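Visitor: Take a look at the following structure, please.
In the numbering used here, the protein residues as written are 9 to 160.
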């Protein structure tokens, strides 16, 4: 019978390495620390990128104008209203399928925060809308002075 003061047989239970721990445990700890650092880095970068966007838009509501036209209301926030920008908005149906899309040019000038009504042609009745994205880098085919790309 063994007591608390009797040492364990090493050949039966293995050596106890209480001072240094196992190498496998150290590797797991290092890998876990590296993963946490990488996760924090990616999270910080994502947050910084999100808040440094020059133009941001948010979908507010929608309304049906007729069978072929819908209206989306969006709130647009621009850091630099003196530069032209554009947003792409989409209309979706009950199955979240895109039923309409429109590029809206925001000409230079105006307020930093504005609510805009966007009329767009739709293939099916619209149920909701989404903001696909916004940018200050207008494509070559967009003219910020043209009324063709205006919201109405």
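Quick reminder that beta carbons are idealized off the backbone N, C-alpha and C, glycines included.
Quick caveat: nothing in here was measured; it's all calculated off a predicted structure.
1. Determine which residues share a DSSP beta bridge with residue 129 and list them.
2. Could you check where the alpha helix (DSSP H) with residue 43 kicks off and where it finishes?
3. Residue 50 to residue 40, Cα distance in whole Å?
4. Could you give the C-beta distance for residue 94 and residue 113, rounded to a whole number, given that I count them as a contact under 8 Å?
5. Can you tell me where the beta strand (DSSP E) with residue 161 in it begins and where it stops?
6. Residue 114 lies in the beta strand (DSSP E); which residues open and close that run?
7. Would you kindly report the start and end of the unbroken beta strand (DSSP E) that includes residue 99?
8. Would residue 86 pass as a contact of residue 57 if the rule is Cβ separation under 7 Å?
9. Suppose the cutoff is 6 Å on Cβ atoms and the five residues either side in sequence are ignored; what does the same chain contact list for residue 65 look like?
10. Measuring straight from C-alpha to C-alpha, what distance separates residue 46 and residue 62?
11. Can you tell which of 99, 80, 75 has the C-alpha that lies nearest to the C-alpha of residue 125?
Guide: Judging by the given coordinates:
1. 77
2. 31 to 59
3. 15 Å
4. 5 Å
5. Past the edges of the chain, shown from 9 to 160, lies residue 161, and the structure says nothing about it.
6. 106 to 114
7. 93 to 100
8. no
9. 82, 84, 95, 139, 142
10. 26 Å
11. 80
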